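**Q**
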Amino acid sequence: MKHLKKIHIILLVLLIAFITFLVTDTLKIAFDTDHLKYNVKLDVESNRDTENDSYVKNYQNYIASNPATYPKDKTILVSAKDFTHIEGNYEIINNFNGVAESVLTNEVGSISLPVDIEEAGFYTIRVNYYAYEGKSSAIERRVFINGVVPFDAAENVLFQRYYGNAAVIYQDYAGNDIRPSQVEKPIWTSKLIGDPLGYITEPFNFYLNSGTNVIKFESLREPLLIDSIVIESVKTLPTYEDVKAQYEANNYEVAKEELQFVQAEDAVRTTSPTLYPLNDRTSSRTMPSDPTLIKLNTIGGTNWDKAGDQITWTFEVPKTGLYEISMRVKQRLANGMVVFRDIYIDGEIPFAEMEGYAFKFSNDWRVQTLGTNEESFLFYLEEGTHELTMEVSLGIYGQLISDLQDVIDNLNKIYREILIYTGPSPDPFRDYELANRIPNLISRFKSELEQAKYIRETLIEVSGNRSEKTGILDTVILQLQDFIKRPRSIQNSLSTYVSNISSLGTLVILLSSQPLEIDYFVLHEPGAKMPQSTPSFFESTWFGFRSFLATFTTDFSAVGRVDTGEVNETIEVWLSIGQDQANILRKLIDETFAPENQIQVDLKLVSGASLLPATLSGRGPDVAIGQADSTPVNYAMRNAVYDLTQFDDFDEIAQRFMPSALVPYEFDGSYYALPEQQIFLMMFYRTDIFEELGLTPPNTWREVVEMIPSLQKHNLEFYLPVPLTQGAAIILPPNPIFSTMFYQNDGQFYIDGDRQAGFNEGNGPKVFEQWSSFYTNYSFPVEANFNNRFRSGQMPIGISYYNTYNVLSVFAPEIRGKWNFVAVPGTEYVDEHGQTQIRRETVSTGTGGIILNQSNKKEESWEFLKWWTSTETQMRFGRELEGILGAAARYPTANIEAMEQLPWTVDELTKLKEQWAWVRGIPEVPGGYMTGRHLDNAFRLVLNEAANPRETIYDYVQMINEELAKKRREFGLD
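Put into structure tokens, the structure is as follows:
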């Protein structure tokens, strides 16, 4: 009885605690009416005199170097048709979308416009433009004032494109919302020229002399249609107090109207295709929401985090008057940070407080009224349609990121100076006397230490607490303090030092990311009762329980399937790429392939290793895409894939690709795959370091050898890739650098009808000796993380596949504008006219699509492969992929015309196409899987045991030939 009594008491206590929790939770939600508590006002400025060549300081020096004259109330309109000089192709277009005359400037060239100025001083420049059809990337121009780029930030200014939903949100078979495609929706718009990185938050101030000035816009990327430019006086935004006083002077009254909701997912336009409607199922209070179905009910999130990205909504005002604006937002992705937005009403920031408006970190959804902690802001709105625009701003982080960039640059420079004496692997027991040898080493460390401390303290002041971001700075601060205290041991921690600098680069990315998710806006009178932003415990639990039950009944493989009209046949397609890529492909199939061909596609995302067992068991797909270069011929030898030359139009379809892309898929005169991706080698180099050392990128392998002493004098390295064996994998691709040099010397991988390796023929032994000498004679690193060493400057030049561009563009912001790429070094030869020429052959890797032999729907499968590798599909897939995942996902399509439509600049595309024309494919043959492995074995023997290169390659060619002969006998070819 006593035992039961204790149980009853425990249960009663738990019941009371639970009821208390419910009552507290209900009261907390019911009385949570303070929608101003999340508002903050932050003002932080840099405390140090930054380097003269830093990004922000360069602009500040420009401002300081000119008289501080700011003429008032000046507006000068200059029509684009009145240009004084123009270079490149252009077109004067009449009556375009309501504009009488405008000038279309293309991707190459420039336009110069005259401006007559009465009073010298600083002005802003507004451009009235139309984002003419191009490659769907931002438009870039370089700005010259009187023949000179006035400051570094003017080297590259952006003009945004505008996007919107291609159609209204529609549903699939089950009622799930389907994300609409984002398409360009260009309009005539105006833009004040400003900083594309967001570090400088004000519009650029340009100093113009009295008299005639010439403003030139040089094309860098994409065409631009210009109506006019407007030279305006520099304006200072009024404060809210000034605006409020004006309200009172004009006797504006508060509008007494019901709540006016604006659903955020119904944006009228954005400046990025990534800003599409999202599905939030974390709260039942999100409008609209459903526990079992996908509802597109918010916008923003991680997609809306890049400085300059805008979202615009339209809303109706029922009555003229003063209104408050509230919004349901969630800012939980930028942990330990506030994020900033510039807020525009009808294209103008109404007062200073709306510039860099802050949104604090919070774990849950909240309703926040625009204002301060003490009062909400009132906005005067006249009856009718209005626009609300929110633009990502870095706010106070802009200056901090600029300061952090200076720290990274200076620490990297110190590192390169240390390398001159220690090399990348210093002797831990040697005193290099670095403090005496390197000028002002300790004082420079102290300067960077103070700046790192300041940035850390500011971040804590802004967020109110420590986070992983301040933790990165803590680590750097501790190491710099240790270096200052014990300078004799600096060389012992160089690897950690480099890692910490890379972490600071990661911190730049984290601080530059400003995500914010919005559910809806509310236009209301002061004191109006807002909707409940968070659900009660019971409401949340019931919503979550129903969502859980739905996981047992939802057919996830059918999510996204829509009615595509009459279907005559269904084929099964397997792919082993990411979920985002699969979603894009699913949407493209439903929009174009299925309705146009009356063929439905059962698209399945599977593991790459599942194709072999499925094929052996006879349960494979009709089509498999994303297959490695070695797979098609490997399967063809076993009669598992279909010969595509059996289709009458194969030769026509093959013209879409470079001949080199088809080489790995050819066997015995037949082709067994269509290329999807083709990635080839390019040479990347750090322009800043090369300029500092007085070097130029090598044009030939001879020049590579001549440049090595200049690099090694500073203990800097040249990167040549050496593929590594992955686990127990048998296939190791032939070394791409050896293959490049081999092809440049008339090499042929296989001879005698693919029965023997060709490395012993012609210049093969000489090429092998020359290639291995880079590692034996010149100590090139065999293994290295090129991306990290390239960032630090330790490896300022290297050869890598061109998709390295994607990685560096996104994950190395600290070296933005400080690197470039060119074609690989070539081999000189004398042509029949006695002229010295350069051969630049190189190799590639890629993926292809195959049709399985077991398929009984080969014609339908062929139609799918033709559609998938077509220019239009590859272009749309590449653009949508980059639109969703950013520049890191730039798609390396094998389709020649599609490649030209992806958002490369003219200069970049020209270099890529020039190198692409030289690319040679590596054939796949029976037993060829041992070619790369034995080539690597020969290289390792020369490297590790100083074996004779020519004798070694001869011995290993015999081993390769034995494997080739063995496999040919196995498949009945000999």
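Here the sequence shown is numbered in the UniProt record's numbering, starting from 1 and rising by one per residue.
Beta carbons are placed, not taken as given, at the ideal position from N, Cα and C, and that holds for glycine.
The model shown is predicted, which means the values in this text are computed figures rather than measured ones.
Classify Ala443: buried if its beta carbon has 16 or more other beta carbons within 10 angstroms, exposed otherwise.
**A** Here residue 443 refers to the residue found at position 443 of the sequence shown. The residue asked about is misnamed: residue 443 is Ser in this sequence, not Ala. Counting Cβ neighbours within 10 Å, Ser443 comes out exposed, since fewer than 16 surround it.
**Q** So, Ser393 versus Phe340, is the Cβ gap smaller than 7 Å?
**A** The sequence position of residue 393 within the sequence shown is 393, counting from 1. The sequence position of residue 340 within the sequence shown is 340, counting from 1. Yes. Within cutoff.
**Q** Can you round the beta-carbon distance between Phe429 and Phe483 to whole angstroms, since I take them to be within the 8 Å contact cut?
**A** Stepping through the sequence shown from its first residue, residue 429 is reached at position 429. Stepping through the sequence shown from its first residue, residue 483 is reached at position 483. In fact, because the Cβ distance is near 18 Å, the residues do not count as touching under 8 Å.
**Q** Kindly list the residues whose CB is nearer than 6 Å to the CB of Gln678, restricted to its own chain and excluding five residues on each side of it in sequence; keep chain order.
**A** As a position in the sequence shown, residue 678 is number 678, starting the count at 1. Around Gln678: Ala661, Ser844, Gly846, Ala894.
**Q** Within the 7 Å Cβ cut-off, does Asn97 reach chain D?
**A** No chain D appears in this structure, which consists of one protein chain only.
**Q** If you measure between the beta carbons of Asp364 and Thr84, is that distance less than 7 Å?
**A** To locate residue 364, count along the sequence shown from 1; it is residue 364. To locate residue 84, count along the sequence shown from 1; it is residue 84. In this structure, Thr84 does not lie closer than 7 Å to Asp364 by Cβ.
**Q** Mind checking which residues open and close the alpha helix (DSSP H) that includes Val810?
**A** Taking the sequence shown and counting its residues from 1, one reaches residue 810 at position 810. It spans 804 to 811 - the alpha helix (DSSP H) in which Val810 sits, taken as one unbroken run.
**Q** Would DSSP call Glu417 helix, strand or coil?
**A** Translated into positions along the sequence shown, residue 417 becomes position 417. In the structure shown, Glu417 sits in a helix (DSSP, three-state: H, G or I).
**Q** How many angstroms separate the CA atom of Val13 from the CA atom of Glu383?
**A** Position 13 of the sequence shown holds residue 13. Position 383 of the sequence shown holds residue 383. Approximately 58 Å between the Cα atoms of the pair.
**Q** With 16 other CB atoms within 10 Å as the buried threshold, where does Thr931 fall?
**A** For this step, residue 931 is matched to residue 931 along the sequence shown. Result: buried.
**Q** Going by the CB atoms, is the gap between Gly798 and Phe684 shorter than 7 Å?
**A** Taking the sequence shown and counting its residues from 1, the one referred to as residue 684 is at position 684. Taking the sequence shown and counting its residues from 1, the one referred to as residue 798 is at position 798. Their beta carbons are under 7 Å apart, which means Phe684 touches Gly798 by this criterion.
**Q** Find out if the Cβ-Cβ distance for the pair Glu324, Ser376 is shorter than 7 Å.
**A** On the sequence shown, position 324 is the one that residue 324 refers to. On the sequence shown, position 376 is the one that residue 376 refers to. Closer than 7 Å, so yes.
**Q** Identify which residue in Glu666, Glu450, Ala528, Thr270 has its Cα closest to the Cα of Gly883.
**A** Indexing the sequence shown from 1 puts residue 883 at position 883. Nearest option by C-alpha distance: Thr270.
**Q** Terminal residues of the continuous alpha helix (DSSP H) containing Ile460?
**A** Locating residue 460 in the sequence shown gives position 460, counting from the first residue. Segment 441 to 463, the alpha helix (DSSP H) holding Ile460.
**Q** Since Lys587 is in the alpha helix (DSSP H), which residue starts that stretch and which ends it?
**A** One-based indexing of the sequence shown puts residue 587 at position 587. That run of the alpha helix (DSSP H) goes 579 to 588.
**Q** Just to confirm my understanding: we take Asn335, look at its own chain, exclude 5 residues before and 5 after, and list those with CB closer than 6 Å. What are they?
**A** Working through the sequence shown from its first residue, we reach residue 335 at position 335. The residues are Ser467.
**Q** Counting pairs of beta carbons, one from the region 245 to 264 and one from the region 126 to 143, are three or more of them closer than 8 Å?
**A** No contact exists between the region 245 to 264 and the region 126 to 143.
**Q** In this structure, what does DSSP give as the bridge partners for Tyr62?
**A** Residue numbering aside, residue 62 sits at position 62 when the sequence shown is read from its first letter. Tyr62 is not bridged to any residue.
**Q** Got a sec, what are the start and stop residues for the alpha helix (DSSP H) Ser610 sits in?
**A** Taking the sequence shown and counting its residues from 1, one reaches residue 610 at position 610. Counting along the chain, Ser610 falls outside any alpha helix (DSSP H), and DSSP gives it neither H nor E.
**Q** Could you compute how far the alpha carbon of Lys74 sits from the alpha carbon of Glu872?
**A** Locating residue 74 in the sequence shown gives position 74, where the first residue counts as 1. Locating residue 872 in the sequence shown gives position 872, where the first residue counts as 1. Each residue's alpha carbon lies about 48 Å from the other.
**Q** Looking only at its own chain, which residues have a Cβ that is under 7 Å from the Cβ of Phe647, when we skip the five neighbours before and after it?
**A** If you number the sequence shown from 1, residue 647 lands on position 647. Hits under 7 Å: Trp862.
**Q** Quick one: which unbroken beta strand (DSSP E) runs of 3-plus residues sit fully inside the region 177 to 210? Chain order, please.
**A** Runs found: 182 to 184, 188 to 192, 206 to 208.
**Q** In the structure shown, what three-state DSSP assignment does Glu691 receive?
**A** The count along the sequence shown starts at 1 and reaches residue 691 at position 691. Helix, per DSSP.
**Q** Grab me the residues of Gln748's own chain with a C-beta within less than 6 Å of its C-beta, minus the 5 sequence neighbours each way, in chain order.
**A** Position 748 of the sequence shown, counted from the start, is the residue given in the question as residue 748. Here the set comprises Gly758.
**Q** Tyr743: buried (16+ other C-beta within 10 angstroms of its C-beta) or exposed?
**A** The sequence position of residue 743 within the sequence shown is 743, counting from 1. By the neighbour-count rule (16 or more Cβ atoms within 10 Å), Tyr743 is buried.
**Q** State yes or no: is the C-beta of Glu963 within less than 7 Å of the C-beta of Gly849?
**A** For the purposes of this step, residue 963 is identified with residue 963 of the sequence shown, where counting begins at 1. For the purposes of this step, residue 849 is identified with residue 849 of the sequence shown, where counting begins at 1. Their beta carbons are not under 7 Å apart, which means Glu963 does not touch Gly849 by this criterion.
**Q** Can you round the beta-carbon distance between Ser362 and Gln331 to whole angstroms, since I take them to be within the 8 Å contact cut?
**A** Here residue 362 refers to the residue found at position 362 of the sequence shown. Here residue 331 refers to the residue found at position 331 of the sequence shown. Confirmed, Cβ separation roughly 6 Å.
**Q** What span of residues does the alpha helix (DSSP H) with Leu720 cover, start to end?
**A** One-based indexing of the sequence shown puts residue 720 at position 720. Taken as a continuous stretch (DSSP letters only), Leu720 belongs to no alpha helix (DSSP H), as it is neither H nor E.
**Q** Have a look at Asn745 and Ala154 and give me their C-alpha separation to the nearest angstrom.
**A** On the sequence shown, position 745 is the one that residue 745 refers to. On the sequence shown, position 154 is the one that residue 154 refers to. When rounded, the distance between both Cα atoms is 45 Å.
**Q** May I have the straight-line CA-CA distance separating Ile343 from Lys191, to the nearest angstrom?
**A** Stepping through the sequence shown from its first residue, residue 343 is reached at position 343. Stepping through the sequence shown from its first residue, residue 191 is reached at position 191. Their Cα atoms are separated by approximately 15 Å.
**Q** Could you pull out every residue in the same chain whose Cβ sits closer than 6 Å to the Cβ of Asn803, ignoring the five residues on either side in sequence?
**A** Numbered from 1 along the sequence shown, position 803 holds the residue referred to as residue 803. Same-chain partners within the cutoff: Ile679, Pro892.
**Q** Between Thr274 and Leu881, what straight-line distance do the alpha-carbon atoms span, to the nearest angstrom?
**A** Here residue 274 refers to the residue found at position 274 of the sequence shown. Here residue 881 refers to the residue found at position 881 of the sequence shown. Looking at the two C-alpha atoms, the distance is approximately 9 Å.
**Q** How is Leu104 classed by DSSP in three states: helix, strand or coil?
**A** Reading the sequence shown from its first residue, position 104 is the one you call residue 104. The answer is strand: DSSP assigns Leu104 an E or B state.
**Q** With distance defined between alpha-carbon atoms, name the residue in Ser772, Gly578, Thr105, Glu897 nearest to Val942.
**A** The residue given as residue 942 occupies position 942 in the sequence shown. It is Ser772 whose Cα lies nearest to the Cα of Val942.
**Q** Within a Cβ cutoff of 6 Å, which residues of the same chain sit near Phe122, ignoring the five residues on either side of it in sequence?
**A** By 1-based counting over the sequence shown, the position of residue 122 is 122. Hits under 6 Å: Tyr70, Asn205, Tyr207, Val234.
**Q** Are the region 77 to 93 and the region 174 to 189 touching, with three or more C-beta to C-beta distances below 8 Å?
**A** As far as the Cβ criterion goes, the region 77 to 93 does not touch the region 174 to 189, which means the pair count is below three.
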